[in-house]
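Residue numbers (this note's numbering): 1 to 290.
Where a beta carbon is used, it is the ideal one built from N, C-alpha and C, also for glycine.
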């Protein structure tokens, strides 16, 4: 199952407020007192400006403001030099550990996305003959034959299954290439920049990497051909497509998807508006800017 795909339709009508339905029941006056922690709105926001990208940190600022306007009060940021492979995975595991039932969770990433086609099929492999997609942490250039520093789609999927064991209210937003069909070149010439890698490091080792992924990750989602049914995905460019960052009216670099999504989320604050309705607005705004 690939994480980097179009938005899952199953949960597409979920309220954009990301508020959970409470299952708490009134206790009998004669029962022992029970203390219920209210659900928390948590987010992990990643900005990796690897390779000269100028917008990811501004993107995280935009998403922080948009999420806070929707009641998110536990926001963790991992940006710039801190956004290494190990630190991103550490922050994500901490998010899983802290998540409680009914919590609303958002994972957001802005940076490069990359795609590599394996040289040869791996026999009896769950990921046989499929391209490998990954996000690009800040220490990606430290990849070597002993350790690849990208974070693969199957690794992200594994973490998503871990967190949806605790809550079924999870949204993933990926403003990078090779992640879903939405953003296009805003046609701003020198004021726009693609968010993909032109060269893949250690391509010759990807057959071995593929075998290791097969060994390390037996996803619980294998029984769900459409992916994790408890996760909404909002993504900027399907496999083989390009996501873009560009300068806004104030001269700040920002991801095309993030800029429009941030505006839509702030306008939706406090209203019972579904992701479906909001993303139609986002798509229309992106189309108008193309």
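Close beta carbons around residue i, own chain, < 7 Å, minus the five adjacent residues each side
| i | result |
| --- | --- |
| residue 134 | 114, 150, 151, 152 and 153 |
| residue 59 | 47, 110, 175, 254, 255 and 258 |
| residue 71 | 41 |
| residue 142 | 149 |
| residue 260 | 282, 285 and 286 |
| residue 250 | none |
Nearest residue (CA-CA) to residue i, options the options
| i | options | result |
| --- | --- | --- |
| residue 232 | 94, 60 and 279 | 279 |
| residue 86 | 255, 74, 70 and 140 | 140 |
| residue 100 | 58, 162 and 247 | 162 |
| residue 76 | 84, 69 and 92 | 92 |
| residue 50 | 82, 61, 41 and 74 | 82 |
| residue 106 | 172, 147, 143 and 80 | 172 |
| residue 89 | 227, 45, 243 and 146 | 45 |
| residue 78 | 108, 243, 52 and 281 | 108 |
| residue 227 | 164, 282 and 272 | 164 |
| residue 84 | 148, 243 and 132 | 148 |
| residue 94 | 160, 143 and 281 | 160 |
| residue 170 | 37, 61 and 275 | 275 |
Same chain, Cβ closer than 6 Å to residue i, five either side skipped, listed in chain order
| i | result |
| --- | --- |
| residue 69 | 266 and 269 |
| residue 168 | 230 |
| residue 55 | 245, 253, 254 and 255 |
| residue 277 | none |
| residue 74 | 40 and 42 |
| residue 264 | 278, 281 and 282 |
| residue 61 | none |
Same chain only: Cβ atoms within 8 Å of residue i, ignoring 5 sequence neighbours per side
| i | result |
| --- | --- |
| residue 166 | 96, 99, 100, 101 and 103 |
| residue 248 | 254 and 259 |
| residue 37 | 100 |
CB-CB length for residue i against residue j, believed under 8 Å
| i | j | result |
| --- | --- | --- |
| residue 80 | residue 57 | 6 Å |
Environment of residue i [buried if 16+ CB atoms lie within 10 Å]
| i | result |
| --- | --- |
| residue 245 | buried |
| residue 284 | exposed |
| residue 296 | Residue 296 lies beyond the residue range present for the chain, which begins at 1 and ends at 290; the question has no answer from this structure. |
| residue 138 | buried |
| residue 146 | exposed |
| residue 271 | exposed |
| residue 52 | exposed |
| residue 262 | buried |
| residue 225 | Per-residue confidence for residue 225 stands at a pLDDT of 40, beneath the threshold of 50, marking its modelled position as unreliable; the derived number appears in the next sentence. So residue 225 counts as exposed. |
beta-carbon residue i near the ligand GTP non-hydrogen atom, thresh 7 Å
| i | result |
| --- | --- |
| residue 80 | No copy of the ligand GTP occurs in the structure displayed, which carries no ligand at all. |
_Stretch pair the segment 53 to 69 + the segment 154 to 163: three plus CB contacts closer than 8 Å_ = no
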